[in-house]
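In our numbering, the protein residues as written are 79 to 202. Accompanying notes for the structure given below.
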(Lines of atoms letter the chains of each structure in order from A and count residues from 1; the text may use other names and numbers.)
(Lines give C-alpha, C1' and ligand atoms only; values in the text may rest on other atoms or scores of the structure.)
Protein backbone atom coordinates (compact mmCIF):
# COMPACT_ATOMS: atom_id res chain seq x y z
CA UNK A 1 0.00 0.00 0.00
CA UNK A 2 1.40 3.38 -1.00
CA UNK A 3 0.12 6.50 0.73
CA UNK A 4 1.05 10.04 -0.21
CA UNK A 5 -0.20 13.39 0.96
CA UNK A 6 0.54 17.06 1.10
CA UNK A 7 -0.48 19.89 3.37
CA UNK A 8 -0.23 23.59 2.72
CA UNK A 9 -1.85 26.70 4.07
CA UNK A 10 -1.55 30.48 4.03
CA UNK A 11 -1.13 32.89 6.94
CA UNK A 12 -3.75 35.57 6.27
CA UNK A 13 -3.26 37.67 9.41
CA UNK A 14 -0.36 37.94 11.84
CA UNK A 15 -0.05 40.20 14.87
CA UNK A 16 1.53 39.94 18.31
CA UNK A 17 -1.82 38.72 19.72
CA UNK A 18 -3.29 36.55 16.97
CA UNK A 19 -2.50 34.45 13.91
CA UNK A 20 -5.12 33.54 11.33
CA UNK A 21 -4.49 30.94 8.64
CA UNK A 22 -6.46 29.28 5.87
CA UNK A 23 -6.01 25.72 4.57
CA UNK A 24 -7.82 24.42 1.49
CA UNK A 25 -9.27 20.92 1.57
CA UNK A 26 -7.41 19.00 -1.13
CA UNK A 27 -6.90 15.40 -2.18
CA UNK A 28 -3.47 15.59 -0.53
CA UNK A 29 -4.82 16.20 2.99
CA UNK A 30 -7.82 13.85 2.90
CA UNK A 31 -8.02 10.41 4.48
CA UNK A 32 -9.41 7.35 2.64
CA UNK A 33 -12.94 8.32 3.75
CA UNK A 34 -12.79 11.59 1.82
CA UNK A 35 -12.51 14.05 4.72
CA UNK A 36 -9.43 15.85 6.07
CA UNK A 37 -7.03 13.68 8.04
CA UNK A 38 -6.95 14.50 11.77
CA UNK A 39 -3.16 14.74 11.63
CA UNK A 40 -3.38 17.39 8.91
CA UNK A 41 -5.81 19.41 11.04
CA UNK A 42 -3.53 19.09 14.07
CA UNK A 43 -0.45 20.08 12.04
CA UNK A 44 -2.33 23.11 10.71
CA UNK A 45 -3.29 24.23 14.24
CA UNK A 46 0.16 23.52 15.72
CA UNK A 47 2.07 25.48 13.08
CA UNK A 48 -0.31 28.47 13.35
CA UNK A 49 0.20 28.43 17.15
CA UNK A 50 3.99 28.14 16.78
CA UNK A 51 4.05 31.15 14.47
CA UNK A 52 2.13 33.15 17.07
CA UNK A 53 4.56 32.21 19.86
CA UNK A 54 7.61 33.04 17.70
CA UNK A 55 6.42 36.60 17.16
CA UNK A 56 7.31 38.73 14.16
CA UNK A 57 10.48 36.90 13.05
CA UNK A 58 10.67 34.43 10.20
CA UNK A 59 11.42 30.75 10.86
CA UNK A 60 14.53 29.17 9.39
CA UNK A 61 15.72 25.59 9.70
CA UNK A 62 17.90 25.05 12.78
CA UNK A 63 17.16 28.51 14.21
CA UNK A 64 17.37 29.25 17.92
CA UNK A 65 14.21 30.48 19.59
CA UNK A 66 11.83 28.31 17.59
CA UNK A 67 8.58 27.60 19.46
CA UNK A 68 8.66 23.88 20.28
CA UNK A 69 5.34 22.32 21.26
CA UNK A 70 5.62 20.43 24.55
CA UNK A 71 1.94 19.49 24.96
CA UNK A 72 -0.94 19.20 22.54
CA UNK A 73 -4.58 18.70 23.46
CA UNK A 74 -7.04 18.43 20.60
CA UNK A 75 -10.77 17.89 20.35
CA UNK A 76 -11.94 17.04 16.85
CA UNK A 77 -15.61 17.92 16.60
CA UNK A 78 -16.47 17.81 12.89
CA UNK A 79 -14.91 17.49 9.46
CA UNK A 80 -15.64 18.24 5.82
CA UNK A 81 -14.74 17.01 2.34
CA UNK A 82 -14.42 20.28 0.41
CA UNK A 83 -13.85 23.99 0.85
CA UNK A 84 -11.32 25.30 3.36
CA UNK A 85 -10.50 25.49 7.04
CA UNK A 86 -9.62 28.61 9.03
CA UNK A 87 -7.39 28.52 12.13
CA UNK A 88 -7.34 31.34 14.67
CA UNK A 89 -4.55 31.13 17.26
CA UNK A 90 -4.50 33.37 20.34
CA UNK A 91 -2.66 33.32 23.65
CA UNK A 92 -4.13 31.77 26.75
CA UNK A 93 -0.90 32.74 28.54
CA UNK A 94 2.16 34.37 27.05
CA UNK A 95 5.15 33.53 29.20
CA UNK A 96 8.89 34.14 29.07
CA UNK A 97 9.56 30.40 29.16
CA UNK A 98 6.30 28.60 28.40
CA UNK A 99 3.36 29.96 26.43
CA UNK A 100 -0.07 28.39 26.03
CA UNK A 101 -2.08 28.94 22.85
CA UNK A 102 -5.63 28.07 21.89
CA UNK A 103 -6.31 27.47 18.21
CA UNK A 104 -9.86 27.18 16.96
CA UNK A 105 -10.26 25.55 13.54
CA UNK A 106 -13.50 26.25 11.70
CA UNK A 107 -14.88 25.14 8.36
CA UNK A 108 -17.81 25.97 6.14
CA UNK A 109 -20.39 28.31 7.71
CA UNK A 110 -18.02 28.78 10.70
CA UNK A 111 -18.66 25.18 11.83
CA UNK A 112 -16.30 24.21 14.65
CA UNK A 113 -13.89 21.56 13.35
CA UNK A 114 -11.30 21.39 16.14
CA UNK A 115 -10.34 23.08 19.39
CA UNK A 116 -6.61 22.71 20.02
CA UNK A 117 -4.58 23.88 23.01
CA UNK A 118 -0.79 23.77 22.79
CA UNK A 119 2.02 24.64 25.18
CA UNK A 120 5.30 25.87 23.71
CA UNK A 121 8.80 26.52 24.94
CA UNK A 122 11.32 28.52 22.92
CA UNK A 123 14.31 26.41 21.86
CA UNK A 124 17.79 27.50 22.91
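Using N, Cα and C, we set each Cβ at its ideal position, and we do this for glycine too.
Terminal residues of the beta strand (DSSP E) in which residue i lies
{"i": "residue 164", "result": "162–171"}
{"i": "residue 210", "result": "Because the chain here runs from 79 to 202, residue 210 falls outside it and cannot be looked at."}
{"i": "residue 200", "result": "190–200"}
Cβ neighbour criterion (16 or more within 10 Å) applied to residue i
{"i": "residue 129", "result": "buried"}
{"i": "residue 116", "result": "exposed"}
{"i": "residue 80", "result": "exposed"}
Contacts around residue i, its chain only, beta-carbon distance under 6 Å, and the 5 residues preceding and following it disregarded
{"i": "residue 159", "result": "112 and 113"}
{"i": "residue 170", "result": "178 and 180"}
{"i": "residue 106", "result": "83 and 84"}
{"i": "residue 132", "result": "145"}
Cβ-based neighbour list, residue i, same chain, cut-off 7 Å, excluding 5 preceding and 5 following
{"i": "residue 126", "result": "97, 99, 165, 167 and 181"}
| request: Would you list, in sequence order, the uninterrupted alpha helix (DSSP H) runs of no fewer than 4 residues that lie entirely inside the stretch 103–140? | output: 116–132
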